[in-house]
Amino acid sequence: MIFNILTLFPESFQGYMDTSILGKVIEKKIISVNLVNIRDFAYDKHRKCDDSPYGGGPGMVLKPEPLSGAIESLGKGPRRVIYLTPAGKLYNQQYAEALAKEKELVLICGKYEGIDQRIIDQYVTDEISIGDYVLSSGEIAAKVIIDSVSRLVSGVIKEESLLEESFNRGILEYPQYTRPQVFNGREVPEILITGHHANIQEWRLKKGIEKTLKNRPDLLDRVDLDENIKEYLNNITGGQSNGPNKSDRS
Ligand code: ADE
């Protein structure tokens, strides 16, 4: 999988690429990250990449020419071109899974008030927001995409770990414990030290459902939940599958 990152701040990716799990998979050539400095494609005297918006208003907009030059420098696609913006579609695990199927991605890191719409119209296939808040630039969002997608690429993380984690079955992951068996007077749940695999699996499923009900009841509104999840949910909520009281949600 190749990530082409179009950014005004390529240096901001260095530490991340050296220290994270990504560093190791880059070494193994499972993932490669190609950093493209947008400013290298600004050909005026001051290598200017931004300008004020037509129609007035605060802030600056990324000019189309350097961005277009940076995208064209990658050669012919086809490849998904993602623009990271708070005005994009909300990113989630399913989105990450879809992107992990691609061989190559382009990530455009925005800055200022955004990029010229004509770049979106001509090149962008996906506008993605990583959450309902505004970051000062797209670089952090790009790292979120690189991280969440690359760990799904075969050979990066054990398949087994991916199957167990949050969101995999539409519910959050069960609580985890490690040694010591007693910490500050709190004991590890007895069932986890019985070695009884089937009972442990059932306990984990229940705890995952309880955690989802407490922290993310919205996830339980999905109709395609496994039957055993629905059944347990019915038992503990008395049939109100998305929680005892929607107004309690915060
Ligand atoms: N750039 C600024 N805020 C962002 C967000 N929430 N998601 C993606 N890119 C962004």
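Going by my numbering, the sequence shown opens with residue 927, and the numbers climb by one from there.
Heads up, the beta-carbon is just placed ideally off N, CA and C, and yes, glycines get one too.
None of these values were measured; they are calculated from a predicted model.
Under the 10 Å beta carbon count, ILE1155 is surrounded by 16 or more other beta carbons and is classified as buried. Here DSSP, grouped into helix, strand and coil, assigns SER1055 to strand. Three or more Cβ pairs closer than 8 Å define a contact, and the region 1048-1063 meets that threshold against the region 997-1015. Only residues of its own chain outside the window of five on either side were considered, and among them none has a CB closer than 6 Å to the CB of SER1062.
Between ASP1042 and VAL987, the alpha-carbon positions lie close to 6 Å from each other. Here the region 935-947 lies against the region 1062-1071, with 3 or more beta-carbon pairs under 8 Å apart.
Under DSSP, SER958 shares a beta bridge with ILE928.
Distances from the alpha-carbon of GLN1102 to those of ASN1110, PHE1109, ILE1162, VAL1114 put VAL1114 closest.
When beta bridges are read from the DSSP output, THR933 appears opposite ASN963.
Here GLU1086 is exposed: its Cβ has fewer than 16 other Cβ atoms, across all protein chains shown, within 10 Å. Relative to the ligand ADE, the beta carbon of ILE928 is positioned no closer than 7 Å to any heavy atom. The criterion of a C-beta distance shorter than 8 Å is not satisfied by GLY1057 and LYS1037. When rounded, the separation of the alpha-carbon atoms in ASN930 and ILE952 is 13 Å.
Around the beta carbon of LYS1140, fewer than 16 other beta carbons sit within 10 angstroms, so the residue counts as exposed. ASP1073 sits in a helix when the DSSP states are folded into three classes. Our two residues, GLN1019 and SER1080, have alpha carbons roughly 16 Å apart in a direct line. In terms of side-chain proximity, the C-beta atom of VAL1060 is found nearer than 7 Å to a non-hydrogen atom of the ligand ADE. With distances taken between CA atoms, THR1104 lies nearest to LEU1118 out of LEU1118, THR1163, PHE1093. Counting along the chain, ALA996 sits inside the alpha helix (DSSP H) bounded by residues 990-998.
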